[in-house]
Amino acid sequence: EDQVTQSPEALRLQEGESSSLNCSYTVSGLRGLFWYRQDPGKGPEFLFTLYSAGEEKEKERLKATLTKKESFLHITAPKPEDSATYLCAVQDNYGQNFVFGPGTRLSVLP
Amino acid sequence: DSGVTQTPKHLITATGQRVTLRCSPRSGDLSVYWYQQSLDQGLQFLIQYYNGEERAKGNILERFSAQQFPDLHSELNLSSLELGDSALYFCASSVVSGGPDTQYFGPGTRLTVL
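Residue numbers (this note's numbering), protein chains in the order written: chain A, 1 to 110; chain B, 1001 to 1114.
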């Protein structure tokens, strides 16, 4: 059974304090790993798609990396507006199973 | 704006009632997914449609059903509503290819069952 875990459950950072969020997954062949940002009461906003171990993608202060068992979302010099829940999801190679992790709640304090 | 639209934004109803949630996918996307997100819980996959046909089923209750119409919009029907059905319901859409199928989410419908 495909599984996704995320750590930490919650993270509080000072503005400018860089850190990383972890997404560990178990899947019967990875077709894709996805990162989303979700603000309270809003729909998840797409950030990145990764599918090959060693792949890296960047967008502004965010950088996502992928290994065979986990993915990291690195946040460099975060700002208060980066506060949100960050969700990780995987799609297996059969293409019909999407599993979301529970998310990491990030708070960036000014 | 993801390009996925959902109506209504809010819905308040009573136990035992039936409601219909509507979703229009992004232009060009053939696949629609429905998710439920209860308070402080993660996204639970309910069901996926591709070009009008059911493609995958998740933890969808028998009281819930969905369909995708020829114009590709989708409806999620929830019947015999219970208090525990109160949640945010999200629709997402994607193209379906041989690679990763990135899903784009709508703004959600907040359902409150009293």
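Idealized CB from N, CA, C, for every residue including glycine. Note that the coordinates shown come from a computational prediction; the quantities given were computed from them, not determined experimentally.
Please identify the residue among A:Leu30, A:Gly16, A:Glu17, A:Leu13 whose C-alpha is closest to the C-alpha of proline 1100 of chain B. Of the listed residues, the one whose Cα sits closest to proline 1100 of chain B is A:Leu30.
Can you tell me which of the three DSSP states aspartate 1085 of chain B falls into? In the structure shown, aspartate 1085 of chain B falls within a helical segment according to DSSP collapsed to helix, strand and coil.
Going by C-alpha to C-alpha distance, which of A:Ala64, A:Pro44, A:Lys69 sits closest to serine 20 of chain A? The shortest C-alpha separation from serine 20 of chain A is found at A:Ala64.
With a 10 Å radius around its C-beta and 16 neighbouring C-beta atoms as the bar for buried, classify phenylalanine 1039 of chain B as buried or exposed. First, the residue type needs correcting, since residue 1039 of chain B is leucine and not phenylalanine in the sequence shown. The C-beta of leucine 1039 of chain B has fewer than 16 other C-beta atoms within 10 Å across all chains shown, which makes the residue exposed.
Taking all protein chains shown into account, do 16 or more other C-beta atoms lie within 10 angstroms of the C-beta of proline 8 of chain A, making it buried, or fewer, making it exposed? Its Cβ having fewer than 16 others within 10 Å, proline 8 of chain A is exposed.
Along the chain, where does the beta strand (DSSP E) that runs through phenylalanine 98 of chain A open and close? Residue range 98 to 100 is occupied by the beta strand (DSSP E) that includes phenylalanine 98 of chain A.
Looking at chain B, is there any beta carbon in it that lies within less than 8 Å of the beta carbon of arginine 37 of chain A? By the rule that beta-carbons nearer than 8 Å mark a contact, arginine 37 of chain A does not touch chain B.
For chain B, check one thing: does any of its Cβ atoms lie closer than 8 Å to the Cβ of asparagine 22 of chain A? It does not: the Cβ of asparagine 22 of chain A has no partner Cβ on chain B nearer than 8 Å.
Three-state class that DSSP yields for aspartate 1029 of chain B in the structure shown: The DSSP-derived three-state label of aspartate 1029 of chain B is coil.
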